[in-house]
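Read the structure below first, then the notes.
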Amino acid sequence: MELTYKTKNNRLKVNIESDSVKDSFKKLAEFQEVFDESACGMCNNDDLQFIVRTVDNNDYYELRCKKCGAKLAYGQHKTGGSLFPKRKLENGSFDKEHRGWHKWTPQG
Ligand SMILES: [Zn+2]
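In terms of the numbering used here, the sequence shown opens at residue 4 and continues consecutively.
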């Protein structure tokens, strides 16, 4: 079976091919978790940029808001090459207010 899915903000479209309903469910879930972030959690702007930074041979995946500069960082699962947005606060609880979006304050 094949299904086409468009993100909520209409910026990305994906074709998912799969053998079963379970398989498409999994693939869509993975896609949504990573790509279906429709707006910045700080200022609600929908102009977002996908960024990969490489530091010391490690790749860091993040979404950046082009308006306010806030970022949403993605963690990497140890196997399977999949990503997940980091939505928890430092104390381990879910970031209800900003959904994991945050700003680093400049030094000085
Ligand atoms: Zn923003």
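Every residue, glycine too, gets a C-beta built ideally from N, C-alpha and C.
Out of the options, which has the shortest C-alpha to C-alpha gap to residue i?
i: residue 67; options: 77, 59, 60 and 54; result: 54
i: residue 94; options: 103, 35 and 79; result: 103
i: residue 69; options: 52, 107, 63 and 20; result: 52
I need the straight-line Cα distance from residue i to residue j, nearest angstrom please.
i: residue 91; j: residue 98; result: 5 Å
i: residue 10; j: residue 40; result: 8 Å
i: residue 21; j: residue 42; result: 29 Å
i: residue 86; j: residue 34; result: 9 Å
Can you name the start and end residues of the alpha helix (DSSP H) that residue i belongs to?
i: residue 11; result: No alpha helix (DSSP H) holds residue 11; DSSP gives it neither H nor E.
Which residue or residues does DSSP assign as beta-bridge partners of residue i?
i: residue 61; result: 58
i: residue 31; result: Paired residue(s): none; residue 31 is not in a bridge.
i: residue 106; result: Residue 106 pairs with nothing; no bridge assigned.
Residue range of the beta strand (DSSP E) that residue i falls in?
i: residue 76; result: 74 to 79
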